[in-house]
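What follows is a short report on a single structure.
Residue numbers (the working numbering): 136 to 427.
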């Protein structure tokens, strides 16, 4: 377990970054400004959320719903990032993917650019893997072309149905990095994208969720074995994030922790066993996975 700190040390450490309520046994923290939240497992196999500052995690006893409501509880423990295992940042009820939201990617994959409505598909929760985990390629008799797609993803913070576009961003808890791994040969032949997008491990996500950032001008860079293969920006999206949130909420109720993957810029390319793929989104961080 991490270092236990006295409450006067806690106040000193967090002063200027969080509003503290020290009237209870633990310290209530009102998140303010942009914060980096991780979900992790410690050496005793206990799972926590925490607020990241540099190489340190301030451990929370709050669950995601409590954190998303804006008030969290810090238990007085600090741990080092290097001493824990980073897990998928949320456990969503659904992973919603919007396709062809970037004209360049639509064109390179045989899609339609500048759609009035997004191309929609879902991934199962079993597709999700964390930072540093392995993307497992299916047998060659199922697919022989598995590609990467680096993306920005929204994490929903509160339940919503029929959300107005002007209110949409108030339903967002934060943003994370996503890799929409795709069996491209299957999406070109199947009438639905479910099989080509839904294999186990085809949804790397994380390593953290970052709150209170502007998502409209974030650079997305994907490298394959250190070589840049994607270099785009969310300002290239043909459909706005508020529109996408509002649009999907008319179809299905959004719940806290749900993930909306916002589509990929151009540069999607095949991966093979032994490759290392890293997706980096500006102001959020790097998501690295190994292909086997």
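All C-beta atoms, glycine included, are put in the ideal place defined by N, C-alpha and C.
Item	Value
Between residue 308 and residue 290, is the Cβ-Cβ spacing less than 8 Å?	yes
Quick check on DSSP: helix, strand or coil for residue 320?	helix
Taking one C-beta from the stretch 391 to 399 and one from the stretch 281 to 295 each time, how about it: are there three or more such pairs within less than 8 Å?	yes
Using only the alpha-carbon positions, how far apart do residue 409 and residue 339 sit?	16 Å
How about residue 334 and residue 273: are their beta carbons less than 8 Å apart?	yes
What does the alpha-carbon distance come out to for the pair residue 213 and residue 322?	45 Å
Within 10 angstroms of its Cβ, does residue 298 collect 16 or more other Cβ (buried), or is it exposed?	buried
Would you say residue 257 and residue 281 are within 8 Å of each other, going by their C-beta atoms?	no
Let me check understanding here. Comparing Cα to Cα, which of 368, 259 and 391 lies closest to residue 306?	391
Pull up the distance between the alpha-carbon of residue 384 and that of residue 393, whole angstroms please.	12 Å
Within the present structure, is the beta-carbon of residue 330 separated from the nearest heavy atom of the ligand MG by less than 7 Å?	The ligand MG is not among the ligands present in this structure, which contains no ligands whatsoever.
The beta strand (DSSP E) spanning residue 342 covers which residue range?	338 to 345
On the three-pair Cβ rule with 8 Å, is the stretch 347 to 355 touching the stretch 407 to 425?	yes
Mapping the DSSP letters down to three states, classify residue 176 as helix, strand or coil.	strand
Closer than 8 Å is the cut-off here; do at least three beta carbon pairs connect the stretch 367 to 378 with the stretch 249 to 256?	yes
Tell me residue 244's beta-bridge partners as DSSP assigns them.	Note: residue 244 sits in no beta bridge, so no partner.
In whole angstroms, what is the alpha-carbon distance linking residue 407 and residue 427?	7 Å
DSSP state of residue 280, grouped into three classes?	coil
Which residue from 367, 370 and 343 puts its Cα closest to that of residue 173?	343
By how many angstroms is the C-alpha of residue 389 removed from the C-alpha of residue 219?	30 Å
Can you list, in chain order, the residues of its chain with a C-beta nearer than 8 Å to that of residue 237? Leave out the 5 residues immediately preceding and following it.	367, 371, 372, 373, 398, 399, 400 and 401
Quick one: complete alpha helix (DSSP H) runs, 4+ long, within the stretch 334 to 413?	376 to 384
Give the single residue among 336, 350 and 177 whose Cα lies nearest to the Cα of residue 266.	336
So, with DSSP's three-state summary, where would you put residue 210?	strand
What residues match up with residue 289 in a beta bridge as DSSP calls it?	310 and 395
Assuming residue 185 contacts residue 175 under a Cβ cut-off of 8 Å, what Cβ separation, rounded to an integer in Å, is found between them?	6 Å
CA-CA distance, residue 301 and residue 412?	36 Å
Whose C-alpha, out of 179, 324, 369 and 319, is nearest the C-alpha of residue 279?	319
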